[in-house]
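Quick notes on the structure that follows.
Chains as they are written, first to last, in the numbering used here: chain A, 39 to 556; chain B, 195 to 552; chain C, 977 to 1283.
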């Protein structure tokens, strides 16, 4: 375990009264915190609490409006990521800062401030991979790697600089449970060697397992500092959300009926250059049930959603059936008319058009099932009425149907999109990452709406990387891995380790087993 | 220090104001540039931008010059909105004129009310067919329509030269490279006795109204807008981007072709090597000046028509070279693109970064 | 005798290829950084007129070439200011730059129409190139050698140097490059300036070497062909060289056929060949590429920061 540092040792990182505003938002207000040398310090907060902004300030991506940052006891101005690295700060981004078309080696070279000859760099990378027993092939192109392997590139990139402070931004959202355990071992080893770690997350059980100190943010302010090893999960959650946890209201016994959506041996080649191919996907979702599809990002989830929504057509009409009717060759509009609605993961530019008004965004998908544009002429009154209904029913905080979709917060826009689809009473609803980047209040509302829709007899498929969410929502769960879907199993009695193994265990291990290249 | 601040929502006011600001900046810059190279800058700018509006005898000319610009720009705007960059309107304009002239030469000895409509249809078909090749290559093979449509413009102009110097040369034309003059049944009638304003001018306004309605009120218009703004969302909403690409290029080509025919059957009355005057390129500026909206395009076409007419005035009064008009038009487009930033951002005084006291 | 004719045809070919090679090489670097500057034609015209004006008034072709390069950079900087500084649409701004180049060159050039200058001569003394075959090696002007050296230099820069790696990274994923701490806009501005410099130089090759006389719009769409060439070359400098010389061959055929007075082909039809050939080549490239794979930089033409 970590040595308790002497009282006199200066903090590795100290923030004093840091504030940062953007037009319309105070992202950070008067934030102070201190991270000791060798400490794993959690920065805890839900989506939109201001964690990302704070981290960007520390890493020099953004500048604070007010306040002071100190490093090893000295006040510092961190003007750029380069300056941050010079001080000894390394960062692993949530959305990796990688270049898909380039090799691991090139990616690492780009992250270094000095120019190192390729052979020497390879040797240094190998030394780090060995000492932390991380498998990774420096000559592979990034797009061929799993998400876990990509994260390792970022970690190696940081470790090469011998950092004193490592920032990890939501590092586990893309990992299998086994990979999470492996990452934690690596992080503990790094901390034992004296490097501090600032660990950003909203997953409480992880923080309890890993961190020695925690600073909790809510709405841009520090609401508490605590020792997560002692504090209860329940209390930390309430501090984070600022309210009591709202539990999902489930019907006493979910009554399950006939299969509404059935998919049989669905194959689809991945889109060039880097898409995943779907291979023999089969599953069915019954009336009244919520079927969860788990998996690590990039294993075919996006492709599966496009195949179900009709944005990509199947090669056989029978591959997808809605209430027994084949629809594999029907386009997106025809599927929606037939009663299959989908909500993709990306809100801006996929599920909604940011520079269109909410009313115009209603026309995007609701014109098939509702009489919004019979005979090709858009009925403005009907469109605005429906938009207004969605806004009212789903408590979307906005100025009205004329507001631009892009002006809404992530949670509000997601509520609007879900409302737009649910309001059309679909027989089957397929949703990807329904609460991704959404605040806790909106997330609870969205989950409740899904449960309610199922209770009315629709079948619901939730594709998500958030295992906690799937375990809470689903009746049955299956896992997508490298474009293949596992058998669905009832959630009751399913163990986390089993799901982890279904998700592919630890990706990239097999490459290590191959004979090393010259 | 001034700095840019992002607006929470795009500014409606700036959407309409920024083209006016751009016109103002163009006049100012033009005055300075032409002043610096030895002309009377103020008089030059006044002649180009103001004089044509003050002299009623020039208004007919403004309408005649604006009409083809409106038609071509409407087609381009549909394309630009759908992210289809047809920049070969000049070629489609020429091809439309050639196709219509073909009908005129075939019917030269005939009379009848049907001849002019037949020429117009041929013009539309010629322009649309010429835009069909870029559309086909774009939809089937993802070849950039920017390059193909532009390359075809050079080809169309050479084809025109070939025709007027070769097979279509007027045998009674003293060996000048030009076709026969169109007959009375083949020439556009004026809207009023003795007026320069031909039927194409009200037709252009009518087309702008139709385009406005289609773009704003129909699902087809919605398809064009959504495919351009968010292709993934369009696909999700069940819109076919390829069909929109086809529609945009065919509409653009057809409108440019019609404009070409109207120009041939109107002001020119025949085809000559001087026929391609660059309306197809100027219409790009018109489309942007009009913010890709049909009413805006009517306004934009008037402004550009003013610079054409004014350019001619400035040649005689201030001895400004003919090329100056092109410079002004290019400057206008630059300033338009530059002032666009005002829609999304505003200028604000930079707050002093607060230094925390030690 | 036939050797002399072949050599002479190749000399014409190299001369026809050089301006497009230069402009396309500059655009390749610009596009590798993720910037799509469609204003090549405009920048070439700016270079052509600046080069001619300076060479004519000073009597020095080298000074003209320098002026042309600077004019190309200046034009490219207008583009950079608008697209990178103010976030305007790259396609529209590129078109604007071309329209501007046409207008500016014809305005400045109005006083020079029909004037001639002493054209840029071979780099080496005539006795080096006494023999026809030696002429093949030593008979070119300095710009031809420069263009070939630049192909090699750009190729090495992109593949072998850290700076080249960074440039490619910016074109591949601007957000990642920014997150790591690279100055995306500064790098893109430099790449755009380089593209402008070579386009300007390429434009001046028309007015100072090919036809040492000023004529309106003398680049005749070659800037657009240079853009097509970058696509043809799949963003690889080596293939650009092949493409440019192939284009030179087409242009030489057009010239030779005209000179030989091939009466059964109308001169207008001959004049269409470069443009039609470009369309054919682009189409064939697409047919060949349909199996997948990706050539264009992933961030080409996308604004940064995203809107």
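Even for Gly, the Cβ is constructed at its ideal location relative to N, Cα and C.
As the structure is a prediction and not an experimental result, all values here were calculated from the model.
Relative to chain B, which residues along the segment 130-151 of chain A have a C-beta separation below 9 Å, given in chain order?
The segment 130-151 of chain A vs chain B, Cβ under 9 Å: nothing.
For the segment 217-279 of chain B, which segments carrying the alpha helix (DSSP H) assignment without a break, of at least 4 residues, lie completely within its bounds, in sequence order?
Taking only runs of at least 4 residues, the alpha helix (DSSP H) segments lying wholly in the segment 217-279 of chain B are 235-243, 245-248, 253-275.
Of the choices 1272/C, 1138/C, 1110/C, 1006/C, whose alpha-carbon is the least far from that of residue 143/A?
It is 1138/C whose Cα lies nearest to the Cα of residue 143/A.
Just to confirm before moving on: does the CB-CB distance between residue 321/A and residue 301/A stay below 9 Å?
Yes, they are a contact pair.
Return the CA-CA distance between residue 1102/C and residue 1174/C, expressed in angstroms with no decimal places.
So the two alpha carbons sit approximately 28 Å from each other.
Taking just the CA atoms, how far does residue 445/A sit from residue 484/B?
Going from the Cα of residue 484/B to the Cα of residue 445/A covers about 25 Å.
Could you give the C-beta distance for residue 273/B and residue 442/B, rounded to a whole number, given that I count them as a contact under 8 Å?
4 Å between Cβ atoms; contact.
Going by DSSP in three states, residue 528/B sits in which element: helix, strand or coil?
DSSP places residue 528/B in helix when its eight states are reduced to three.
Between the Cα of residue 256/B and those of 517/B, 541/B, 290/B, 498/B, spot the shortest distance and give me the residue it belongs to.
That would be 498/B, whose Cα lies nearest to the Cα of residue 256/B.
Would you say residue 1218/C faces chain A, with C-beta separation under 9 Å as the test?
Not one chain A Cβ lies under 9 Å of residue 1218/C.
Can you tell me whether residue 1226/C sits near the ligand ATP, meaning its C-beta is under 8 Å from at least one heavy atom of the ligand?
With respect to the ligand ATP, the structure offers nothing, as it holds no ligand at all.
Just by C-beta distance, which residues in the segment 1134-1156 of chain C are closer than 7 Å to chain A?
Listed by position along the chain: 1138, 1141, 1142, 1145, 1148, 1149, 1152, 1155, 1156.
DSSP three-state call for residue 40/A: helix, strand or coil?
For residue 40/A, the predicted structure reports a pLDDT of 46, less than 50, and the residue's modelled location is therefore unreliable. The matter cannot be settled from this model.
If we define contact as Cβ-Cβ less than 9 Å, is residue 1274/C a contact residue for chain A?
Chain A contact via Cβ: present.
By alpha-carbon positions, which one of 388/A, 432/A, 75/A, 372/A ends up nearest to residue 405/A?
For the residues 388/A, 432/A, 75/A, 372/A, the minimum Cα distance to residue 405/A belongs to 372/A.
For residue 524/A, which residues in the same chain have their Cβ closer than 6 Å to its Cβ, ignoring the five residues on either side in sequence?
Same-chain partners within the cutoff: 516, 517, 540.
Does chain D have any CB closer than 9 Å to the CB of residue 384/A?
Given the protein chain composition of this structure (A, B and C), no chain D is represented.
According to DSSP, is residue 328/A part of a helix, a strand, or is it coil?
Three-state DSSP puts residue 328/A in a strand.
Can you list the residues of chain B that residue 1002/C reaches, using a CB-CB cut of under 7 Å?
Under the 7 Å cutoff, chain B gives no residues; its nearest Cβ is about 17 Å from residue 1002/C.
Do residue 993/C and residue 1240/C have their beta-carbon atoms positioned less than 9 Å apart in this structure?
Not closer than 9 Å, so no.
Where does residue 1234/C sit, in a helix, a strand or coil, going by DSSP?
In this structure, residue 1234/C counts as helix in the three-state DSSP scheme.
Measuring alpha carbon to alpha carbon, tell me which residue in 1145/C, 980/C, 1253/C is nearest residue 137/A.
Ranking the options by Cα distance to residue 137/A, first place goes to 1145/C.
Which residues does DSSP pair with residue 528/A in a beta bridge?
In DSSP, residue 528/A forms a bridge with 514/A.
Would you mind working out which of 310/A, 457/A, 436/A sits nearest residue 380/A, comparing C-alpha positions?
Closest by alpha carbon: 457/A.
Counting pairs of beta carbons, one from the segment 266-281 of chain B and one from the segment 417-427 of chain B, are three or more of them closer than 8 Å?
The answer is yes - the segment 417-427 of chain B touches the segment 266-281 of chain B, with three or more Cβ pairs under 8 Å.
Quick test of the definition: if touching needs 3 or more C-beta pairs under 8 Å, does the segment 1100-1117 of chain C touch the segment 1044-1060 of chain C?
Segments in contact, no.
Let me know the secondary structure DSSP gives residue 346/B once reduced to three states.
Note: residue 346/B maps to helix in three-state DSSP.
Would the beta-carbon of residue 327/B fall within 9 Å of that of residue 342/B?
Contact: yes.
Against chain A, does residue 207/B count as a neighbour if the rule is that its beta carbon must be under 9 Å from one of theirs?
Not an interface residue.
How about residue 1180/C and residue 1041/C: do their beta carbons lie closer than 9 Å?
Result yes, Cβ atoms of residue 1180/C and residue 1041/C sit closer than 9 Å.
From 979/C, 1246/C, 1160/C, pick the residue whose C-alpha is nearest to that of residue 1109/C; which is it?
For residue 1109/C, the nearest C-alpha among the options comes from 979/C.
Would you mind telling me which residues of chain C sit closer than 7 Å to residue 99/A, beta carbon to beta carbon, in chain order?
Under the 7 Å cutoff, chain C gives 1155.
Report the three-state DSSP secondary structure of residue 472/A (helix, strand or coil).
Three-state DSSP puts residue 472/A in coil, outside helix and strand.
Using the rule of at least 16 other Cβ atoms within 10 Å of the residue's Cβ for burial, across every protein chain shown, is residue 477/A buried or exposed?
Flag for residue 477/A reads buried.
As a quick exercise: from 1228/C, 990/C, 1264/C, pick the residue whose alpha carbon is nearest that of residue 1249/C.
It is 1228/C whose Cα lies nearest to the Cα of residue 1249/C.
Does any C-beta atom of chain C lie closer than 9 Å to the C-beta of residue 324/B?
No, residue 324/B lies away from the interface with chain C (no Cβ there is under 9 Å from its Cβ).
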